[in-house]
Amino acid sequence: MHQEVKILDHIWGKSNKYNLRLLILICISLFIYSGCSASSNSTRYNRPDDKDKPTTKEIRFTSDDPDIAPADDTPVNIDNLVGKISQPTNSPTGDVNSKEKLLMEIIRYMNTPYKFGGDSKKGIDCSAFTQIMFKNTMSIDLSRTANEQYNMGKDIEEKKELQFGDLVFFDTRMTVKPGHVGIYLGDDLFAHASSSKGVTISSIASSYYVKRFMGGRRVREF
């Protein structure tokens, strides 16, 4: 500041016309300098630089078993399915009533929305669906997760060996296997809680599920 005053004193010692022009130029320069300085300080101290601003990234929330219903899924005729399953069979126990109870409970939950961690008709995930179906109809206690249910009962490796009521498992996740579970109904159909459709009936033979099938587990003979 002292240096600026000396400059002004020196300038005033010259001709008034010349002094006036220089004074105007100096005032303009000082004004611009002070303005830039204030702006710089405001940017530096009163608000963060762009690089310091937190970046907002789009977060896509995915379910724990993110299965996607295949495009070639076709609607299932529930009446025909009930008629087939209710017919007498040569099952070891001959317990047709248990099959009907399980099927009726599945139908009661049809179109229930999917909710990861859910275990009611307000919202349900795949392993809670299988757990509730077996508990409500046969008082069979299944573990809570698909991974745990995969270690229960008798191992069924081939699709052709599947029977009504077998648990069927699919590789739908990157880190945990299996990532999805449903209940086999026969004719390549299985009931499950799909993350895209809720409780529905799909075909194991569909392009999506056929290549992700891991096997089945038989926890109850029908």
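Each residue of the sequence shown is one higher than the one before, starting from 1092 at the first, in the working numbering. For glycine and all other residues, C-beta sits at the position ideal for the given N, C-alpha and C.
query                                                                                                                                                  : result
When burial is assigned at 16 or more other CB atoms within 10 Å of the CB, is PRO1269 buried or exposed?                                              : buried
In angstroms with no decimal places, state the Cα-to-Cα distance between LEU1193 and ARG1264.                                                          : 28 Å
Going by C-alpha distance, which of PHE1304, ILE1197 and GLY1174 is nearest LYS1251?                                                                   : PHE1304
Under the rule that 16 or more other beta-carbon atoms within 10 Å means buried, what is SER1287, buried or exposed?                                   : exposed
When the Cα of SER1230 is compared with those of ARG1308, ASN1168, GLU1196 and VAL1301, which residue comes out closest?                               : GLU1196
Assuming PHE1220 and TYR1200 are in contact, meaning their beta carbons sit under 8 Å apart, how far apart are those beta carbons, in whole angstroms? : 7 Å
Just to confirm, is the Cβ distance from VAL1310 to GLY1209 under 7 Å?                                                                                 : no
Report yes if the C-beta distance between ALA1282 and ILE1274 is below 7 Å; otherwise report no.                                                       : yes
Which class does PHE1225 belong to by DSSP, given the choice of helix, strand or coil?                                                                 : helix
Find out if the Cβ-Cβ distance for the pair ASP1257, ILE1247 is shorter than 7 Å.                                                                      : yes
Start and end of the beta strand (DSSP E) containing SER1286?                                                                                          : No beta strand (DSSP E) contains SER1286, which DSSP labels as neither H nor E.
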